[in-house]
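Here's the structure, in structure tokens; my notes come after.
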Amino acid sequence: MKTAVWKKKASLKGSSFVLSEFLTHQRQSLFLLARKRLGMKNCWTLDGNIIVKLPDGTRHRIDTEESLSKLTVNTDVAAEAPSSGNQDSSSGYNSKPKRAVRAKK
1 MKTAVWKKKA
11 SLKGSSFVLS
21 EFLTHQRQSL
31 FLLARKRLGM
41 KNCWTLDGNI
51 IVKLPDGTRH
61 RIDTEESLSK
71 LTVNTDVAAE
81 APSSGNQDSS
91 SGYNSKPKRA
101 VRAKK
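Each residue of the sequence shown is one higher than the last, beginning at 1 in UniProt numbering.
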């Protein structure tokens with residue numbers, strides 16, 4: 001069921017609906033770093049895995065910052081990544097707000 005819904009997600013482009021996959025804090029941080037280095041269109045998640053597409057068109061699954069660095073070390077991906085003038089570089093690329101933690105009663 002989840003896979004079927006996820007495959008139909010592309011048909012939502014241009015609408016006001018957004019589907020986001022829940023990632024652990026570590027994977028969310030890595031995903032945001034990959035999007036910052038490679039651009040939004042070149043990074044996505046699939047079943048909790050982070051997939052990146054390099055400028056040469058190859059796709060790779062990354063699971064550590066080290067694996068991302070190895071893939072991007074010889075490419076000038078910062079120049080190819082789209083930039084938006086309203087980004088706040090101190091807060092991470094398009095990061096979600098943190099969830100509020102409820103106090104135990």
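Every residue gets a Cβ at the ideal spot worked out from N, C-alpha and C, and that includes glycine.
Quantities reported herein were computed from a predicted structural model and do not represent experimental measurements.
Assigned secondary structure, residue i (DSSP; H/G/I helix, E/B strand, else coil)
i, result
"Lys104", "coil"
"Pro82", "With a pLDDT of only 48 at Pro82, under 50, the local geometry of the prediction cannot be trusted, and no value is derived from it."
"Thr72", "helix"
Cβ distance (whole Å) where residue i is taken to contact residue j below 8 Å
i, j, result
"Leu68", "Leu46", "16 Å between Cβ atoms; not a contact."
Whole-angstrom distance between residue j and residue i, CA atom to CA atom
i, j, result
"Ser29", "Lys104", "27 Å"
"Leu23", "Val52", "16 Å"
"Lys41", "Ala4", "21 Å"
"His25", "Trp44", "16 Å"
"Lys8", "Arg61", "22 Å"
"Leu54", "Glu65", "15 Å"
"Ile50", "Phe31", "6 Å"
"Gly57", "Asp63", "19 Å"
"Ser20", "Arg102", "23 Å"
Host alpha helix (DSSP H) of residue i (start-end)
i, result
"Thr3", "Lys2 to Lys7"
"Leu46", "Per DSSP, Leu46 belongs to no alpha helix (DSSP H); it is in the beta strand (DSSP E), Cys43 to Leu46."
Segment limits, beta strand (DSSP E) that includes residue i
i, result
"Lys36", "No beta strand (DSSP E) holds Lys36; the alpha helix (DSSP H) holding it covers His25 to Leu38."
"Val18", "Taken as a continuous stretch (DSSP letters only), Val18 belongs to no beta strand (DSSP E), as it is neither H nor E."
"Lys53", "Asn49 to Lys53"
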